[in-house]
Amino acid sequence: MSGVSLERVTKSFGDVTVIPPLDLEIASREFVVLVGPSGCGKTTTLRMIAGLELPTTGTVRIGERDVTNLRPGLRNCSMVFQNYALYPHMTVAENIGYGMRVRGTPKSEIDAAVKDAARILNLDPYLDRRPKQLSGGQRQRVAIGRAIVRNPDVFLFDEPLSNLDAKLRIEMRTEIKSLHRRLQTTVVYVTHDQVEAMTMADRVVVMNGGRIEQAADPITLYERPRNLFVAAFIGAPSMNFIEGEIVRDGGLRFRAAGGVDILLPVNRSAAYEVALGEPVVAGIRPEHTVRGAGGTAEVTLQVRDIEPLGPHTLLIGALGEATFTAQVAASVRAAPDDRVTVPVDVEKMHIFRKATGDVIP
Ligand code: ATP
Numbered sequence: 001m002s003g004v005s006l007e008r009v010t011k012s013f014g015d016v017t018v019i020p021p022l023d024l025e026i027a028s029r030e031f032v033v034l035v036g037p038s039g040c041g042k043t044t045t046l047r048m049i050a051g052l053e054l055p056t057t058g059t060v061r062i063g064e065r066d067v068t069n070l071r072p073g074l075r076n077c078s079m080v081f082q083n084y085a086l087y088p089h090m091t092v093a094e095n096i097g098y099g100m101r102v103r104g105t106p107k108s109e110i111d112a113a114v115k116d117a118a119r120i121l122n123l124d125p126y127l128d129r130r131p132k133q134l135s136g137g138q139r140q141r142v143a144i145g146r147a148i149v150r151n152p153d154v155f156l157f158d159e160p161l162s163n164l165d166a167k168l169r170i171e172m173r174t175e176i177k178s179l180h181r182r183l184q185t186t187v188v189y190v191t192h193d194q195v196e197a198m199t200m201a202d203r204v205v206v207m208n209g210g211r212i213e214q215a216a217d218p219i220t221l222y223e224r225p226r227n228l229f230v231a232a233f234i235g236a237p238s239m240n241f242i243e244g245e246i247v248r249d250g251g252l253r254f255r256a257a258g259g260v261d262i263l264l265p266v267n268r269s270a271a272y273e274v275a276l277g278e279p280v281v282a283g284i285r286p287e288h289t290v291r292g293a294g295g296t297a298e299v300t301l302q303v304r305d306i307e308p309l310g311p312h313t314l315l316i317g318a319l320g321e322a323t324f325t326a327q328v329a330a331s332v333r334a335a336p337d338d339r340v341t342v343p344v345d346v347e348k349m350h351i352f353r354k355a356t357g358d359v360i361p
């Protein structure tokens with residue numbers, strides 16, 4: 001088993017630098033997901049690990065080996081692509097065993113490996129079919145099977161579930177996770193879907209403009225986002241942001257347009273004092289519009305839209321200049337233009353510096 005390490009890796013295409021110096025250590029057996037908006041450099045980073053793209057500068061290691069200039073076939077990585085990349089004229093068994101056949105592996109060994117992969121991936125009944133006779137999910141399993149038989153040090157996945165419908169995507173997430181538990185191989189997985197990232201990863205690396213905004217386990221990202229970018233990217237529906245300021249008035253308070261006046265928790269005073277009088281942004285997740293154990297504030301929205309989701313309802317409204325979404329009990333009845341007051345759990349609030357976007361820790 002091997003970890004992966006990127007040391008001061010950069011990538012430019014012509015004059016355009018898409019990855020400024022990037023450092024990332026991935027432990028052996030870790031399941032790391034690279035996530036971020038389109039064009040943030042996830043795929044480029046993955047392709048540099050695979051050897052499909054050479055870094056402009058910097059070093060890529062797999063285990064102890066410096067693989068920076070090694071061609072893909074010699075890195076012992078297996079990559080699974082979004083479009084499966086199966087050979088249409090070959091059967092499932094032939095597709096899975098193809099790489100081994102090319103390397104001249106004896107037939108009996110190929111057959112055993114293919115059978116093994118098919119068993120793990122529940123593909124036994126389909127071994128004689130061709131790709132076009134399979135569903136999208138089955139095709140993706142074949143692509144994964146082809147990666148498994150190579151017994152790689154590292155699995156690389158590039159948006160492998162994007163072509164599947166929502167239900168199948170959820171099933172395949174579970175399958176890939178349980179595959180990782182069984183094989184214990186290091187995984188680097190690229191997606192733009194934050195839910196996929198959060199549900200699958202040991203550690204999520206949030207990228208933006210070729211940089212790492214934050215790398216942490218899913219709960220830490222959710223509970224302690226380092227900056228506005230991560231706070232906005234992680235969580236659905238997204239965190240609400242309200243621009244305002246911190247004032248001292250019988251304790252420290254966050255004030256903003258729309259009558260927002262929130263007494264901040266006393267145990268955070270020392271931290272928030274540094275931002276007195278400075279423009280700040282308060283972040284409140286829709287699901288934190290509930291009474292808090294450590295203090296509750298209230299905000300009043302002018303309701304614009306009501307989304308009944310079954311287990312709960314989303315109220316989307318205006319709060320001064322800001323749009324604010326509150327998650328309320330399904331029993332709450334509201335109509336457009338109603339003014340509705342909701343509680344806010346102040347301990348779950350975040351305050352960011354407007355100038356830098358960094359959270360006040
Ligand atoms: P997506 O989710 O849309 O696939 P991504 O985060 O994977 O995006 P990359 O594919 O890594 O992003 O691309 C990062 C940036 O590098 C983009 O601005 C892209 O246009 C640029 N880029 C990628 N490959 C090339 C190339 N071969 N030549 C020029 N520019 C490229």
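The sequence shown: position 277 = 277 (full-length UniProt numbering), numbered continuously. Every residue, glycine too, gets a C-beta built ideally from N, C-alpha and C.
Euclidean distance between Cα positions of residue i and residue j
i      : j      : result
Gly235 : Pro37  : 14 Å
Leu228 : Val190 : 22 Å
Glu243 : Gly39  : 28 Å
Lys107 : Arg101 : 8 Å
Ser5   : Leu168 : 32 Å
Val332 : Ile306 : 10 Å
Asp23  : Val92  : 39 Å
Gly136 : Ile246 : 52 Å
Asp261 : Val33  : 38 Å
Range covered by the beta strand (DSSP E) that runs through residue i
i      : result
Val260 : Val260 to Leu263
Lys354 : It is not in any beta strand (DSSP E) - Lys354 carries neither H nor E in the DSSP assignment.
Phe13  : Val4 to Phe13
Ala318 : His312 to Leu319
Ile62  : Thr57 to Ile62
Ala326 : Ala322 to Ala329
Residue i, buried or exposed, once every other Cβ within 10 Å from all chains shown has been counted against 16
i           : result
Leu301      : buried
Asn95       : buried
Ala219      : Here residue 219 is Ile; the residue named in the question, Ala, does not match the sequence. Ile219 should be labelled exposed.
Asp158      : buried
Val342      : buried
Asn240      : buried
Tyr84       : buried
residue 370 : Given a span of 1 to 361 for the chain in the structure shown, any question on residue 370 remains unanswerable.
Gly41       : buried
Lys11       : buried
Glu25       : exposed
Residues that residue i bridges to, as DSSP identifies them
i      : result
Pro343 : Glu298
Ile255 : Ile is not the amino acid found at residue 255; the sequence shown has Arg there. Paired residue(s): Glu245 and Asp261.
Tyr189 : Val33 and Phe157
Arg284 : Note that residue 284 corresponds to Ile in the displayed sequence, not to Arg. Looking at the DSSP assignment, Ile284 forms a beta bridge with Asn240.
Asn76  : Bridge partners of Asn76: none, in fact.
Val206 : Val35 and Gln214
Glu25  : Ser5
Leu276 : Ile246
Thr17  : Ser12
His350 : Gly283
Val303 : Gly317
Arg65  : Ile62
N-terminal and C-terminal residue of the alpha helix (DSSP H) that residue i is part of
i           : result
residue 378 : Past the edges of the chain, shown from 1 to 361, lies residue 378, and the structure says nothing about it.
Thr174      : Ala166 to Leu183
Phe233      : Leu228 to Phe233
Ala215      : Not the alpha helix (DSSP H): Ala215 falls in the beta strand (DSSP E), residues Arg211 to Ala216.
Gln82       : First-last for Gln82: undefined, no H or E at that position.
Leu54       : Where Leu54 is concerned, there is no enclosing alpha helix (DSSP H), given that its DSSP letter is neither H nor E.
Please give me, in chain order, every unbroken run of the beta strand (DSSP E) with length at least 3 that falls completely inside the region 103 to 158.
154 to 158
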